[in-house]
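Residue numbers (the working numbering), protein chains in the order written: chain B, 341 to 687; chain P, 341 to 687; chain Y, 341 to 687; chain E, 341 to 687.
Note that the Cβ used here is the ideal one computed from N, Cα and C, for glycine as well.
Every value quoted in this text rests on a predicted model; they were computed, and no experiment measured them.
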């Protein structure tokens with residue numbers, strides 16, 4: 341099967357290439373980049389040296405293919421999507437443009453009108469753990485935001501089973517620097533970014549919209565707040581989710597039984613609740629390069645508070661790996677194909 | 341004036357020495373360490389090379405002095421405090437043992453009986469911004485925990501003026517590695533600790549007790565929850581405090597006016613709420629070595645949420661610098677003596 | 341084929357397990373650890389959660405197997421090797437004990453008598469690029485030191501072709517923290533180790549002995565000096581090798597042609613000499629998890645100096661990955677089996 | 341005394357301001373920045389908040405002052421120097437333009453003609469330890485490059501006393517990211533720069549020219565080669581200097597006696613050669629913010645090799661602090677005024 345990538349010089353594109361070049365069921369046909377057209381794809385992606393002799397092409401030279409990944413900046417995707425639809429019957433979009441189903445919600449959070457609002461409902465929101473059956477038959481999938489997917493995966497079992505109050509959810513996200521992409525800026529200049537604990541989005545985070553949309557499937561009226569802090573890390577997100585239990589008297593063991601059943605068949609979810617060892621809770625550090633989402637929780641000693649923790653690699657389960665998982669479902673491949681990397685320790 | 345330090349080989353002791361050796365009003369008489377007795381104080385504190393020829397002495401060789409700093413592990417201080425009281429009329433204890441006034445509260449949070457419970461009420465809790473007048477006349481001061489002081493300073497103006505709900509406070513703390521002291525452990529082994537985002541205390545954090553005790557001075561019934569996460573950083577704490585406004589309709593400007601008045605005469609508090617630049621919120625990175633506490637806040641776009649942020653260097657305003665500030669008050673020195681370091685940028 | 345690991349709780353053991361559990365041709369039979377006996381192997385190796393239900397066994401419970409990896413501390417291996425030889429016909433030792441062929445050289449560099457000196461000559465030094473044919477028929481292989489292998493691989497083509505002066509070689513090695521293993525110490529305590537540029541072995545580095553032994557195969561009389569500096573990194577080594585050209589007038593292009601021919605069929609050597617991009621020279625950062633050794637060089641503008649650079653992941657090509665490559669050769673598997681991970685970028 | 345700064349928005353300018361705003365003998369009159377004109381100086385220098393209400397002015401608004409610091413990009417300084425000379429009788433230039441005395445040497449290393457070559461001999465090279473008397477009476481001082489000054493200070497006692505071969509010197513420099521200034525670039529984008537061990541200048545480093553010029557004062561014909569590697573660190577340089585002893589039989593103790601005498605009266609040089617502790621050699625990590633240069637050495641066990649190590653904070657002793665030290669000498673202030681910060685540990 342032939343796949344191509346629109347916008348393959350960024351970090352998401354590079355990660356897609358890493359996974360797809362070693363994927364047993366697909367061939368990478370074309371990768372576009374306006375800036376790097378004509379150059380080897382290993383120039384911005386040095387880890388791919390020796391794996392391929394492909395060079396970037398211009399977007400206008402794109403040929404028909406079986407599945408197309410679109411990895412364009414927010415806003416660019418909606419402008420060009422109808423064109424890509426003529427090149428491929430299956431499309432997975434990695435940007436924000438097709439995640440929300442309601443154009444009004446788009447306007448509220450992104451401050452602009454959606455220029456392809458008619459296409460919104462044709463996209464399935466690409467969280468396999470929630471929408472596996474829809475993805476299997478989908479033509480168009482919108483990959484979730486990285487903070488969104490880790491929050492959704494961490495929360496959905498708790499929401500679905502009515503364990504926590506659906507409108508009292510605070511997501512405190514700790515973020516690596518790769519999440520902002522490969523465009524340089526003063527904020528990501530190494531002397532300024534190294535070692536920070538920077539409150540870069542304490543309020544008003546847009547991913548709240550897609551989290552609420554996805555979780556309200558299970559329980560209408562979910563309401564979340566996000567505060568995001570950049571920490572010293574390239575890859576990875578940890579979300580510390582502050583929630584309130586519906587039933588203050590439920591025990592950790594009872595909670596564990598419920599969520600264990602919910603997550604137990606998921607190939608990429610790992611419940612982490614250890615009594616010993618150094619990695620007793622979800623930890624993004626050891627998930628680098630993997631498609632795994634680790635989830636844990638602790639009940640506060642006083643009151644009704646439940647702290648839920650979730651960790652992913654923002655470029656894998658947060659972006660490219662999850663997109664490949666969606667592709668596997670759409671194409672009928674075994675769901676974990678090409679996603680078996682276990683991660684490194686120590687690292 | 342002569343000061344001595346009991347337990348001066350740890351990080352708090354080293355930081356005290358850094359500040360006191362260059363303090364214009366005091367001389368360091370003795371510094372004890374059982375492990376390093378007889379060795380130069382610059383052996384565990386290499387930044388002090390050339391500043392002094394002092395060597396560590398054993399605790400049993402301690403001589404009378406004008407003011408004594410006690411920097412012993414939790415539990416050791418209470419066992420020996422009555423002895424130190426015979427050596428000095430003024431004592432500043434940097435450990436946890438004398439922070440709580442109620443021995444019952446001690447038992448609840450620390451799980452042991454307090455062996456010097458009669459001494460508890462003789463200690464003033466050493467937050468100058470809250471208890472300046474008491475500290476000025478105190479003989480005994482208990483320095484606060486590092487997470488406690490940054491949380492207290494960040495919250496007190498909001499609590500005092502009734503801006504936020506006193507029992508709906510969640511402190512999400514991001515911590516550097518120096519807070520655990522210089523004792524080695526698998527958890528702080530560099531390959532394991534580097535680059536983590538480790539949920540080391542998601543619930544049950546003991547500093548809640550002293551935060552509640554201190555803030556309840558202004559408003560009885562304060563209730564806080566803490567989740568602490570270790571991040572890649574040696575010095576520093578950022579607290580992201582999730583609170584709820586009493587009045588959802590208050591504006592950020594109105595809030596700013598209130599807290600500005602409250603903090604404006606404080607020499608070591610800096611309100612950070614910038615519209616431009618890279619450091620628009622409190623940032624521990626640039627506070628390393630300083631006694632400054634930066635405080636900021638943001639109102640969520642929806643609902644009644646207010647996010648308050650506070651940053652300090654855990655070893656300075658979080659421990660040794662704050663203790664020197666207390667000493668200055670106790671001894672009648674200008675409050676900022678020896679604490680003028682501005683911090684570095686970039687760093 | 342069944343393999344077992346003696347001493348599998350350390351970093352080298354963990355990395356071996358990561359590679360072997362996903363290796364298509366072998367099954368992991370037993371993994372020993374005195375300290376963790378009875379516990380799941382994922383306790384010290386959290387990245388292996390879900391990959392296996394194996395538990396550590398005691399060394400005395402070791403069963404016969406087809407190939408045995410020995411990953412014991414220096415000195416322990418020589419004491420016990422004759423015992424392991426009764427359990428398996430093929431052994432790959434990852435420690436230092438069987439790398440040197442001459443017991444006198446051992447004494448000179450390690451300061452002790454070798455207690456199994458009769459076994460020394462039965463071990464082949466495990467650098468596939470130099471001793472491939474011997475490894476293919478070997479029963480016993482001694483894996484090289486991590487600084488040694490990257491230095492040997494970086495130098496051998498230059499030595500073999502007489503490009504550089506064999507006795508004027510200075511290896512300036514920059515090292516990650518994982519090279520010292522998982523035993524805690526004050527030097528690896530995070531607050532002390534983070535951010536250092538620590539000259540931990542400016543002179544007298546023992547790996548000089550094995551580098552000289554290996555390279556003297558090609559050209560007797562090789563003499564090297566090593567200065568090793570610890571930098572902020574968990575995995576990885578960069579060696580900057582300061583050498584002198586035999587012929588000052590040779591051009592970079594001429595050099596390139598010679599070494600390209602030498603290395604071109606090597607599956608895990610990558611010559612890096614780029615004119616553009618951010619990764620124009622060997623870079624350990626992007627080699628994490630891979631078995632690749634990157635090699636580059638630059639000719640000084642004045643005089644006869646040639647700077648050769650080499651980079652590896654010390655735990656993969658520097659230890660476990662290289663051992664698996666040796667196993668593949670010994671067992672007749674395709675040489676790259678299980679070693680295809682491309683590395684991550686950014687990371 | 342009034343001082344002004346031309347080009348004060350960069351890292352060198354910020355560090356000058358940090359030191360000068362707390363300097364007891366000078367007042368900062370004006371600080372220019374084309375980009376930030378009209379804005380508070382704390383905008384790019386957040387550590388200076390609260391220390392001053394100064395705002396940046398345009399260079400054309402510069403007023404006469406007693407001493408002028410010029411911190412402009414290479415090439416800009418030579419174009420404008422004659423103009424600055426009309427504003428101030430004393431000038432300290434922090435860039436490269438006036439370091440070399442011979443315009444031919446400039447052309448060789450910088451590839452352009454020097455447009456103010458007549459001014460070159462009017463500048464004294466600003467290394468107080470070598471040229472203290474000249475600086476005291478100088479009107480114009482050129483601050484050395486950061487790699488240059490640490491190399492010069494580390495080498496001069498050894499060169500002066502004929503301990504090492506003057507033409508067999510290899511400087512292997514490990515560099516922090518702040519040395520490249522605050523201009524963003526793909527190479528300093530955090531995801532690309534974090535954790536690298538990047539050979540950014542393995543050959544052809546321009547600072548060789550000024551090192552050779554300075555050291556040839558003591559011994560004509562000094563010849564040095566530099567290889568520079570960027571490591572994970574914001575502030576700091578370590579140079580590992582590979583040299584050869586003139587007399588192979590000299591002992592470390594004999595060397596120590598000689599260099600101790602040479603350096604003993606230097607206020608900012610610290611010989612580090614410890615038998616115990618974690619900081620047994622020069623370490624940039626603990627020098628952050630200080631004007632100290634640490635120097636150490638080790639004799640190789642075999643042959644005539646001597647490894648000399650030197651460490652500084654590139655922005656202090658490497659730039660701004662050293663410039664303030666020069667100012668103190670030029671103005672007759674005590675040499676250490678404003679430079680007493682001891683550095684932090686741990687950090």
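Asked, Found
"Cβ neighbours of residue 676 of chain E in the same chain (closer than 7 Å, five flanking residues each side left out)", "607"
"8 Å Cβ cutoff met for residue 671 of chain Y and residue 425 of chain Y", "no"
"Minimum C-alpha distance to residue 648 of chain B - residue among B/541, B/547, B/490, B/546", "B/490"
"Under 8 Å by beta carbon: chain Y residues contacting residue 488 of chain E", "Within 8 Å Cβ-Cβ: nothing; residue 488 of chain E doesn't reach chain Y, min ~17 Å."
"Sheet register partners of residue 585 of chain B (DSSP bridge)", "B/504"
"Straight-line gap, residue 481 of chain E to residue 461 of chain E (C-alpha atoms, nearest Å)", "10 Å"
"Residue 529 of chain P at chain Y interface by Cβ criterion, 8 Å", "yes"
"Buried versus exposed, by CB contacts within 10 Å (16 or more), residue 503 of chain B", "buried"
"The region 384-396 of chain E touching the region 409-417 of chain E, judged by at least three CB pairs closer than 8 Å", "no"
"Residue range of the unbroken alpha helix (DSSP H) whose run includes residue 469 of chain P", "468-476"
"Chain B contact for residue 533 of chain E (CB, 8 Å cutoff)", "yes"
"Alpha-carbon spacing of residue 562 of chain E relative to residue 640 of chain Y, whole angstroms", "17 Å"
"Candidates Y/405, Y/404, Y/431, Y/435, of which the one nearest residue 416 of chain Y by Cα", "Y/435"
"Inter-residue Cα distance where the pair is residue 551 of chain Y and residue 630 of chain Y", "22 Å"
"Segment contact flag, the region 570-577 of chain Y with the region 654-662 of chain Y, C-beta cutoff 8 Å, min 3 pairs", "yes"
"Chain E contacts from the region 673-685 of chain P (Cβ-Cβ distance under 9 Å)", "680, 681, 682, 683, 684, 685"
"Coil, strand or helix - residue 650 of chain Y by DSSP", "strand"
"Identity of the residue in E/401, E/378, E/583 nearest residue 394 of chain E by Cα", "E/378"
"CB contact below 8 Å: residue 650 of chain Y versus chain B", "no"
"Counterpart residues of residue 529 of chain Y in DSSP-defined beta bridges", "P/529"
"Boundaries (first-last residue) of the alpha helix (DSSP H) holding residue 553 of chain P", "547-555"
"Residue-chain proximity (residue 626 of chain E, chain P), Cβ-Cβ < 8 Å", "yes"
"Within-8 Å CB hit, residue 382 of chain Y to chain D", "Given the protein chain composition of this structure (B, P, Y and E), no chain D is represented."
"Sequence-distant residues of the same chain with beta carbon closer than 7 Å to residue 638 of chain B, five excluded per side", "647"
"Residue 517 of chain Y versus residue 401 of chain B: straight-line alpha-carbon distance, rounded", "47 Å"
"Residues in the region 558-584 of chain P having any Cβ partner in chain B nearer than 7 Å", "565, 567, 569, 571, 572, 573, 576, 578, 580, 582"
"Chain P contacts from the region 387-414 of chain E (Cβ-Cβ distance under 9 Å)", "387, 388, 389, 390, 391"
"Within chain E, partners of residue 641 of chain Y - CB distance below 8 Å", "543, 544"
"Rounded straight-line distance, which links the Cα of residue 477 of chain E to that of residue 443 of chain E", "24 Å"
"Terminal residues of the beta strand (DSSP E) in which residue 636 of chain B lies", "633-639"
"Beta-bridge partners of residue 421 of chain B, as assigned by DSSP", "DSSP, once it has assigned bridges, lists no residue as partnering residue 421 of chain B."
"Proximal residues of chain Y, C-beta to C-beta of residue 366 of chain B below 7 Å", "None at all; the shortest Cβ gap to chain Y is about 16 Å."
"Backbone secondary structure at residue 434 of chain Y - three-state DSSP", "coil"
"Where residue 379 of chain B falls: helix, strand or coil (DSSP)", "coil"
"Simplified DSSP state of residue 565 of chain E, which is helix, strand or coil", "strand"
"Rounded separation between residue 494 of chain E and residue 588 of chain E - CA only", "20 Å"
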